[in-house]
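Residue numbers (our numbering), protein chains in the order written: chain A, 1 to 431; chain L, 1001 to 1329.
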Amino acid sequence: MKPTTRRSFLQTTGLLGASAVLADGLLSEARADKPINLAGWVFKPDTVKDYVNVYNQKFGGQVKYEAIPWAQYHPSMETRAFGGDMFDVMYCAHNFRERWYENGLIRPLDDLPGIDELKKKMTPQNLESLKTKDGKLAGLPYFTSLFTLIYNEPMLQQAGIKAPAKSWDELVEHSLKLKKDKVSDHPFLPNWNNSPSGTMPQFMTDAFSEGANVFDAKNKVIVDQEPGVARAMERWQKVWKAELVNPEVLTKTSSTDTHRLFWTGRYAYHTNHSYYLKTIAGEPENSKLAPKKAKMTMYPGTGQTYMWTDSYTINAKTKNMDDAWKLTRYLGGNLAGDWYVQRQWCLISGLDNPYPEMYEHPEIIASYDRWVDLKLLRKQYEKGKVIAAYKEPWYSEYDVKAVPIVHNMIRGGTTVPQALKELVKLQKSLE
Amino acid sequence: MASAPPDRIVRPVLAPGLTARRFRLSERSFASLLILPAFLVISLVVLFPLAYSLWMSFADVNLLRAAGPAVELFGVRIPLFRYVGLQNYLRLFADPNYWDSFWRTAYFVGAFVFETTVVGLGMALALQERFVGRPMMRSLLLIPWSLSRVVVGLLWIGILDVEFGALNGLLYKAGLIESYISFLKSGFSALNVLVSVYMWNQAPFATLLLLAGMQSIPVELYSAAEVDGAGYWQRFRHVTLPALRGMLFLILVVSTVNGFLMLDLIYVLTMGGPGNETTTLSWLGFQTAFQFFKFGPGTAILYTITVFCLILAVIYQKVVFRKLEAEQA
C-alpha cells in the first residue's frame, strides 16, 4: 500500500473540503450574502428562535437573534447603537418609535415593496398608531393589545350574582356585596401597578370608557376639562376608600405581576392587557381560573379602552436592506402568505395582531376558543382607542411622573380636581 | 551579612558608544516604569469612564445624536456632547422631587447604617461566645449576604405579601392580628420594609468583619479587665469597642455607600412607589437616565451621591478616630 505523504494528505483533504462546500451550495437554498441581526426583548425567546430557524431554512436567511431583557431593552439598544453595534431589525415599543425615528436610528417603510398591501390589511387605528408624527410608517406590527375587563365567574355565582357588571356602578355594587359577604377581601383588581404599563394606561382606559379624552388634537393633557375623567377618578377614590382593592397593587412592579394575583381566584374583577386572558383563563398549570372560569366581558361605559401597537423596525443604517425588509415582512407581515409568525404568537401566547383576516383562520378560532370568546374579544378591539401623545418627546417622563400624582389622589392625599390640574401642569412643565 | 539595598539600579549598556550612565534609572523611576502598564489599564477601565461620566453630568447628552466634537481612543470615537456648564446641577437643585428624594435617602441611609451596625455587632457578640453549633451558625450567617438581591426581594415578597405572606399567616394564626397587614400600603412603611430587608441582606457582612476584629483582640486585655473587676458591659465598653474602631469605621463607610447606591431591591419590591414614596436618589438617577433618557441630569444626580458619600466618610473618620488621635497626642 502506498504510504500517505503530507502532500497527498493535504491534497485529499483539500479536495474533500472543496466538494463539501460545493455540495452544500448546490443542494441547499441560496443563502443571503450577509447575516441579518435581529434584536428583541425577552419574551418567549425559544419561540422566536424557532421561527427564526424556520425563516433561515425556508428562505435561506442568515438571521442572528439576540434577546435583551425587557427592562433595559430600549436603553441597551440606544447605548449599543452609540457604541457602533448594528442590529438590522429591532423590536420597538410604541413609545420609543418616534424617538428612534427622529434621531435617525430607524427608517420609514413606506417606499418598500409590498407595503401598501399590508397597510390595507391592517385596522386603521393600528396603522395610525404605527405612523410617525410626519405620517411615515415606522414599523410593522409585532402585536397589538388593549385593556379588557375579566371576571371570576365561580366567585360571582357563589355570591348569587347572575351576570357580570355592565356598568361601573354595577361593578362597584358587586364588589361591595362580595366584600360584605366575605366572599373576597379585595374583589376588584385594577392594573394600578407602578410601571409604565400600569397606572397611566389604566387611567386612559377608564377615562375613555367614560367618553372622555386625555389629550387634545395637539397632544396636550386636558384632563382638567373633562368631566368623564373626574368621574372615573372619583370612582377610583371610592373603591380604594371602601378597601375593595388590594392596597399592594400600587407597589406591584409590572402588569405581569398584577395579573398573577388574579390567578389565585381571590378577586372578582380584573382590568388588564388582553394578552393576559390566555394565562388567566387558558393555563390551568398556572391559574386557578383556567380553563375558562375567568371570562372577558365588554368594558363598561362606552366600552372604549386604550390600545397600542408594538413593532418591528428597520435600522436606518442597515447595509442589507433587502434581507432586512424580507425578515421584517416575515415577522410583522405575511411573507409566505400564511401569516406564520403572527399566527404563532396568537396560538402560543394569545398576542393579538392588527390584521383582522387572521382571525378567520380555523386554527386561530379553535385555539382562542380554549380561553376566550373570540367574537367578544374582536368586538372589544373594535372599541380600541389609540393615542398619538406617546409620539411627543416629553411623553415617557410624563408617563412616569404622573403615577405618583395619581397614586396620591387614589389614596385621598389630594382631591380629584387638584390632581387633574397637577397632571396638566406636569405636562406643561415638560414641554 | 546583609548588604544595604542599592539606591540605583544599573541597566546594562546596549550599544557601543553609549555610556552606562545614560541608562541609569533611579529606583523610583524604575518602579514607576514597572507599574506603568497596570496604571494604563486602570486608567482605561476606571479613570477614563469616571472622567467621562463626570463630563456627561455637565453636558446635554443624547446617545442617538452623537455628532459634534469627539475624542478618539484606540480607534473608537467618543463624542463629547454639548457642554452646558452647571445647568444640569442647577436644575436638579431647583427640583422639589430631588429634595424629596434626598430626604428620603437620608432617612433610608441613616436607618440602614444604624440597623446594620447594631444588628451586625449584636450577632458578632453572640457568635463570639462559645456554644454548641457555633461553627455551623457562623457559616449559616453568610447565606443572606451571599444571595442575589433580586432573590432577596422575591423571598421577602413571599414573606410580607398582604394576601399570601408567611409572616401574615404566622401572626394571624398566633392570634396577634385580626386581619392581614399590608406592609407596603403606605410609603413610610414601604421605606422601612426596604431598610429592614436590605439590613437582613447586609448585616452578616458587618458581623463577619466585627467577628474578625474581635478575634484579634488579645485575651490578656480581657483577663486584666476581669482582674480589675470589670463586668461584661464594662469589658465591652472599654476593651471591645475601642479595639473595633477600625472595623466600625469600615462598616460605617461601606454601609453608607451601599445605602446610597441601593437600587435593585427598589426595582423588585416597590418600583419607587406607592406614588414616589420609596424613590431614593439612586432610583431617581436611574429613572432620569434610563427611563427619561436624560443622561446629563441622571449622571448629575448620581454624582451628588458620590459627594454625599465622601462628606460622610470624612465625618465618620473624624468622629470614630477623634478619641484615638486625642489619646495618641
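A virtual CB, placed ideally from N, CA and C, is assigned to each residue, including glycine. Predicted model only: the values in this text are computed from it and were never measured.
Exercise. Out of Gln304(A), Ala281(A), Ser311(A) and Ile161(A), state which residue places its alpha-carbon closest to the alpha-carbon of Gly40(A).
Key: Nearest Cα to Gly40(A) within the set Gln304(A), Ala281(A), Ser311(A) and Ile161(A): Ser311(A).
Exercise. Report the residue from Glu363(A), Ala388(A), Thr309(A) and Tyr267(A) whose alpha carbon sits nearest the alpha carbon of Lys145(A).
Key: Reading off the sequence, residue 145(A) comes out as Ser, not Lys. For the residues Glu363(A), Ala388(A), Thr309(A) and Tyr267(A), the minimum Cα distance to Ser145(A) belongs to Thr309(A).
Quiz item: Just the Cα atoms here: how many angstroms apart are Leu1191(L) and Phe1114(L)?
Solution: Rounded to the nearest angstrom, the gap between the Cα atoms of Leu1191(L) and Phe1114(L) is 15 Å.
Practice problem: Return the chain-ordered ranges of every alpha helix (DSSP H) run that is complete within the stretch 74-158 of chain A and spans a minimum of 4 residues. | Solution: If you keep only unbroken alpha helix (DSSP H) runs of at least 4 residues inside the stretch 74-158 of chain A, you get 94-102, 115-121, 124-129 and 153-158.
Practice problem: On a CA-only basis, which of Leu423(A), Trp371(A) and Arg411(A) is nearest Tyr275(A)? Give me that one, please. | Solution: For the residues Leu423(A), Trp371(A) and Arg411(A), the minimum Cα distance to Tyr275(A) belongs to Trp371(A).
Exercise. Between the Cα of Ala268(A) and those of Leu374(A), Pro227(A), Leu171(A) and Ile364(A), spot the shortest distance and give me the residue it belongs to.
Key: Residue Leu171(A) is the option with its Cα nearest to Ala268(A).
Exercise. Return yes when at least one heavy atom of the ligand FMN lies under 7 Å from the C-beta of Tyr1052(L), else no.
Key: Within the structure as shown, the ligand FMN is missing, as the structure has no ligands at all.
Practice problem: Have a look at the DSSP bridge pairing and note the partners of His270(A). | Solution: Per the DSSP secondary-structure output, His270(A) pairs in a beta bridge with Ile150(A) and Leu189(A).
Quiz item: Are the beta-carbon atoms of Asn246(A) and Val1162(L) separated by less than 8 Å?
Solution: Contact: yes.
Self-check item: Interface flag, Glu1163(L) vs chain A, CB-CB below 8 Å
Solution: Taking Cβ atoms only, chain A reaches closer than 8 Å to Glu1163(L), which makes this a yes.
Exercise. Provide the residue(s) that pair with Val63(A) in DSSP beta bridges, ordered along the chain.
Key: Within the DSSP bridge table, the entry for Val63(A) names Ile36(A) as partners.
Practice problem: Name the two residues that bound the continuous alpha helix (DSSP H) containing Pro1204(L). | Solution: Gly1187 to Gln1215 is the span of the alpha helix (DSSP H), which, as asked, contains Pro1204(L).
Exercise. With DSSP collapsed to three states, give me the class of Tyr312(A).
Key: Of the three classes helix, strand and coil, the one that applies to Tyr312(A) here is strand, per DSSP.
Quiz item: How is the beta strand (DSSP E) around Lys295(A) delimited, first residue to last?
Solution: Bounds of the beta strand (DSSP E) holding Lys295(A) are Ala294 to Thr297.
Exercise. With DSSP collapsed to three states, give me the class of Leu1025(L).
Key: Note: Leu1025(L) maps to strand in three-state DSSP.
Practice problem: Quick one: grab the DSSP three-state call for Phe1321(L). | Solution: Looking at Phe1321(L) - three-state DSSP - the assignment turns out to be helix.
Quiz item: Can you tell me where the alpha helix (DSSP H) with Pro1096(L) in it begins and where it stops?
Solution: Per DSSP, Pro1096(L) belongs to the alpha helix (DSSP H) from Pro1096 to Gln1128.
Exercise. Can you have a look at Asn1062(L) and say buried or exposed, based on whether 16 or more other CB atoms are within 10 angstroms of its CB?
Key: Answer is buried; the Cβ neighbour count reaches 16.
Self-check item: Contact set between the stretch 1278-1294 of chain L and chain A, restricted to residues whose Cβ is under 9 Å from the partner
Solution: Near chain A, meaning a CB-to-CB distance below 9 Å, the residues of the stretch 1278-1294 of chain L are Thr1278, Thr1279, Gln1287, Thr1288, Ala1289, Phe1290, Gln1291, Phe1292, Phe1293 and Lys1294.
Exercise. Grab me the residues of Asp24(A)'s own chain with a C-beta within less than 6 Å of its C-beta, minus the 5 sequence neighbours each way, in chain order.
Key: Because Asp24(A) sits at a pLDDT of 47, beneath the cut-off of 50, its placement in the model cannot be relied upon, and the following sentence gives the value as read from the coordinates. Taking Asp24(A) as the centre and dropping the five residues before and after it, the same chain places no C-beta closer than 6 Å to its C-beta.
Exercise. Count the other CB atoms, across all protein chains shown, that sit within 10 Å of the CB of Ile1143(L); report buried if there are 16 or more and exposed otherwise.
Key: Exposed, by the Cβ-count rule.
Quiz prompt | Run of the alpha helix (DSSP H) containing Arg1091(L), from where it starts to where it stops | solution = From DSSP, the alpha helix (DSSP H) with Arg1091(L) extends over Gln1087 to Phe1093.
Practice problem: Look at Asp373(A) and Met321(A) and say whether their C-beta atoms are less than 8 Å apart. | Solution: Cβ atoms of Asp373(A) and Met321(A): not closer than 8 Å.
Quiz item: Name the chain L residues that come within less than 7 Å of Arg266(A), Cβ to Cβ?
Solution: Per Cβ cutoff of 7 Å: Glu1163.
Practice problem: Compare the C-alpha of Pro201(A) against each of Ser429(A), Pro393(A), Val416(A) and Gly384(A) and name the closest. | Solution: For the residues Ser429(A), Pro393(A), Val416(A) and Gly384(A), the minimum Cα distance to Pro201(A) belongs to Gly384(A).
Practice problem: Just the C-alpha distance for Val1071(L) and Arg97(A), rounded to the nearest angstrom, thanks. | Solution: If you take the alpha carbons of Val1071(L) and Arg97(A), they lie about 30 Å apart.
Quiz prompt | Among Asn353(A), Asp181(A) and Pro417(A), the one whose alpha carbon lies nearest that of Lys121(A) | solution = Nearest to Lys121(A) by alpha-carbon distance, out of Asn353(A), Asp181(A) and Pro417(A), is Asn353(A).
Quiz item: Counting pairs of Cβ atoms below 8 Å between the stretch 207-225 of chain A and the stretch 113-120 of chain A, do you hit three or more?
Solution: No contact exists between the stretch 207-225 of chain A and the stretch 113-120 of chain A.
Quiz item: Unbroken alpha helix (DSSP H) runs of length 4 or more, entirely within the stretch 1248-1300 of chain L: which are they?
Solution: Listed in chain order, they are 1264-1269 and 1281-1290.
Exercise. Could you have a look at Lys385(A) and say whether DSSP puts it in helix, strand or coil?
Key: DSSP places Lys385(A) within a strand segment (E or B) once states are collapsed to three.
Self-check item: Residues sharing a beta bridge with Glu1072(L), DSSP
Solution: DSSP output for Glu1072(L) lists Arg1077(L) as bridge partner(s).
Practice problem: Measuring only between beta-carbons, confirm whether Pro1069(L) sits less than 8 Å from chain A. | Solution: Pro1069(L) does not count as touching chain A.
Quiz item: At least one CB of chain A closer than 8 Å to the CB of Asn983(L): is that the case?
Solution: With chain L represented from 1001 up to 1329, any question about residue 983(L) goes unanswered, as that position is not in the structure.
Quiz item: Mind checking if Ala81(A) is an interface residue toward chain L, Cβ cutoff 8 Å exclusive?
Solution: Yes, because at least one Cβ of chain L sits closer than 8 Å to the Cβ of Ala81(A).
Practice problem: Can you have a look at Asp323(A) and say buried or exposed, based on whether 16 or more other CB atoms are within 10 angstroms of its CB? | Solution: Buried: at least 16 other Cβ atoms inside 10 Å.
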